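Sequence lines, in order, name chains Y and R.
The first sequence maps to residues 364 to 588 in this note's numbering.
The second sequence maps to residues 364 to 588 in this note's numbering.
Quick reminder that beta carbons are idealized off the backbone N, C-alpha and C, glycines included.
Bear in mind the structure is a predicted one, so any value in this text is a computation, not a measurement.
2 protein chains.
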Amino acid sequence: MKIVTLVYPGVTPLDLVGPLQVWSSWPGAHVEIAARTLDPLATDTVMQIVPTHTYTTAAADPDILFVPGGTDGTLAAIADDGLLAFVRDRGGRAGWVTSVCTGALVLGAAGLLRGYESTTHWLVLDELKRFGARPVKARWVIDRNRAAGGGVSAGIDFGLALMARIVGEDHARMTQLAIEYAPDPPFRSGTPDEARPETREAVRSAFRGFVSALDQMTAVLADDK
Amino acid sequence: MKIVTLVYPGVTPLDLVGPLQVWSSWPGAHVEIAARTLDPLATDTVMQIVPTHTYTTAAADPDILFVPGGTDGTLAAIADDGLLAFVRDRGGRAGWVTSVCTGALVLGAAGLLRGYESTTHWLVLDELKRFGARPVKARWVIDRNRAAGGGVSAGIDFGLALMARIVGEDHARMTQLAIEYAPDPPFRSGTPDEARPETREAVRSAFRGFVSALDQMTAVLADDK
């Protein structure tokens with residue numbers, strides 16, 4: 364079982380580490396963290412990520428291609444022809460084509476989501492339509508060999524769901540217990556529907572520039588097709 | 364707000380990245396990732412972690428000291444006098460002394476939990492008694508200026524709870540919505556009480572060697588006091 368994870372500058376570490384921690388107990392899994400070069404990459408936190416493989420050395424025919432998201436990092440990623448060529452190449456041959464958060468938009472920009480259901484961060488869910496995908500408001504979505512998690516923390520649920528589908532429910536249940544995944548959020552504030560209106564507006568306002576820039580970019584990319 | 368995070372070989376990335384992702388939206392926070400040297404460290408996944416500071420350059424008087432956990436990594440950490448001296452020094456002057464998962468045992472081995480309530484991974488909860496702490500079966504525990512999250516994935520809940528306590532509830536609610544933390548685990552299998560008996564026994568069996576080694580080590584450390 365070869366799992367190739369794309370990383371790029373500005374990636375959101377939790378998008379990646381949720382599934383990565385789940386999959387580290389996947390029997391026989393070989394996980395690669397692939398980027399343009401092996402240089403440590405900046406993220407949207409103080410933590411850097413060290414790639415283990417490059418676009419050249421990453422497995423040519425992965426069982427799973429996985430793409431995490433980010434904010435400004437995603438904007439740069441969907442404008443990066445070399446990155447999209449790598450995603451299109453490995454995604455075209457992968458058994459599963461998967462993402463968390465705005466990683467779905469990278470898959471979309473690479474042309475890999477046309478006609479598929481998918482999901483992404485709630486702030487930008489409708490952007491998936493630009494790439495011919497059908498947005499679904501859900502914690503995770505599996506449609507044929509495409510699987511997507513919602514925003515950031517959804518990667519844990521997504522990772523367990525995909526493991527259950529491929530390895531089996533028994534193993535996913537063991538992994539869930541090993542990582543003690545019995546979440547108990549301090550507030551009901553994880554979706555725009557359950558959050559207070561003032562919380563929702565504050566977050567929308569904080570990300571307005573990102574959402575606007577993304578919308579302009581996806582309009583151009585969609586028009587190019 | 365200076366936050367110093369310890370890392371060490373074999374650390375569990377999700378223990379660290381849950382709170383780190385939450386705290387990356389902490390207004391005015393300056394987060395340091397501290398280890399013996401700046402060399403990238405192996406973890407219990409394929410991902411390495413790159414320290415930003417050393418025991419020498421890390422803030423002398425952090426507002427928060429945070430220690431993540433691991434399995435074999437924790438065994439080595441609680442036997443490492445240099446590491447424990449660093450934890451004891453920064454912890455002695457920190458505003459808050461905090462941990463996720465078996466990071467609590469590192470704090471305990473450094474003598475920082477005597478007389479405090481704390482929590483850790485369910486497999487090793489009673490080990491806290493060896494260091495004079497009172498184990499509490501909870502997702503997170505705050506006792507005066509000590510705060511602890513349970514196993515691995517509890518770091519997200521812990522990170523939000525600590526942010527709510529220090530920065531305020533409004534900001535923690537915004538952060539929860541930004542990281543879309545509305546968890547929906549695929550199974551009820553996150554605690555030994557809710558998991559199926561066969562799942563519980565399989566996980567106990569998989570970690571039997573670790574738990575046994577830890578118990579022997581903490582017996583010696585406790586006797587030394």
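Test: residue i CB closer than 7 angstroms to a CB of chain R
i: P542(Y); result: Sequence inspection shows Ile at residue 542(Y); the Pro mentioned does not correspond to that position. Output row for I542(Y): interface = yes.
i: M537(Y); result: yes
i: A510(Y); result: no
i: P425(Y); result: no
i: S516(Y); result: yes
i: V413(Y); result: yes
i: D435(Y); result: no
i: G513(Y); result: yes
i: P498(Y); result: no
i: V574(Y); result: no
i: V367(Y); result: no
Contact with chain Y by residue i, beta-carbon distance below 7 angstroms
i: L447(R); result: no
i: T408(R); result: yes
i: A565(R); result: yes
i: V370(R); result: no
i: R502(R); result: yes
i: F550(R); result: yes
i: S387(R); result: yes
i: A524(R); result: yes
i: P431(R); result: no
i: V530(R); result: no
i: V394(R); result: yes
i: V506(R); result: The question names Val, but residue 506(R) in the sequence shown is Asp. Not an interface residue.
i: G553(R); result: yes
i: A467(R); result: no
Exposure of residue i, with buried meaning 16 or more beta-carbon neighbours within 10 Å
i: A312(Y); result: Residue numbering for chain Y in the displayed model covers 364 to 588; residue 312(Y) lies beyond these limits and cannot be assessed.
i: Q539(R); result: buried
i: G512(R); result: buried
i: E543(R); result: buried
i: G514(Y); result: buried
i: R563(Y); result: buried
i: R551(Y); result: exposed
i: A448(R); result: exposed
i: E561(Y); result: exposed
i: P390(R); result: exposed
i: R358(R); result: Residue 358(R) lies beyond the stretch modelled for chain R, which goes from 364 to 588, so this question has no answer here.
i: G478(R); result: exposed
i: R507(Y); result: exposed
i: T368(R); result: buried
Beta-bridge pairing of residue i - partner residues as DSSP gives them
i: S481(Y); result: P498(Y)
i: S462(R); result: V430(R) and A511(R)
i: D520(Y); result: None, per the DSSP bridge assignment.
i: W503(Y); result: G512(Y)
i: A397(R); result: L369(R) and H416(R)
i: V374(Y); result: T406(Y) and G433(Y)
Whole-angstrom C-beta distance between residue j and residue i, which should lie under 8 angstroms
i: V430(R); j: V450(R); result: 7 angstroms
i: E480(Y); j: V504(Y); result: 5 angstroms
i: L426(R); j: M364(R); result: First, the residue type needs correcting, since residue 426(R) is Asp and not Leu in the sequence shown. Their Cβ separation, rounded to whole angstroms, is 5 angstroms, which keeps D426(R) and M364(R) in contact under 8 angstroms.
i: V385(R); j: I412(R); result: Going by Cβ atoms, the distance from V385(R) to I412(R) rounds to 17 angstroms, so no, they are not a contact pair.
i: V376(R); j: T408(R); result: The sequence shown places Pro at residue 376(R), rather than the Val named in the question. That belief holds up - the Cβ atoms of P376(R) and T408(R) are roughly 6 angstroms apart, short of 8 angstroms.
Residue-chain proximity (residue i, chain C), Cβ-Cβ < 7 angstroms
i: V374(R); result: Given the protein chain composition of this structure (Y and R), no chain C is represented.
beta-carbon residue i near the ligand NAD non-hydrogen atom, thresh 6 angstroms
i: V515(Y); result: The ligand NAD is not part of the structure shown, which contains no ligands of any sort.
Touching or not, the stretch 483 to 502 of chain Y and the stretch 515 to 533 of chain R, by the rule of three or more beta carbon pairs under 8 angstroms?
-> With a cut-off of 8 angstroms, the stretch 515 to 533 of chain R and the stretch 483 to 502 of chain Y do not count as touching, because too few Cβ pairs lie within range.
For the 8 angstroms Cβ check, are there 3 or more pairs between the stretch 373 to 386 of chain Y and the stretch 377 to 391 of chain R?
-> For the pair of segments examined, the stretch 373 to 386 of chain Y was found to touch the stretch 377 to 391 of chain R: the number of CB pairs separated by less than 8 angstroms reaches three.
Does the stretch 557 to 575 of chain R touch the stretch 481 to 488 of chain R, meaning 3 or more C-beta pairs lie closer than 8 angstroms?
-> Counting C-beta pairs closer than 8 angstroms gives three or more between the stretch 481 to 488 of chain R and the stretch 557 to 575 of chain R, which meets the contact rule.
So does the stretch 573 to 580 of chain Y actually touch the stretch 433 to 453 of chain Y, counting three or more Cβ pairs closer than 8 angstroms?
-> Between the stretch 573 to 580 of chain Y and the stretch 433 to 453 of chain Y there are three or more C-beta pairs closer than 8 angstroms, enough to call the two in contact.
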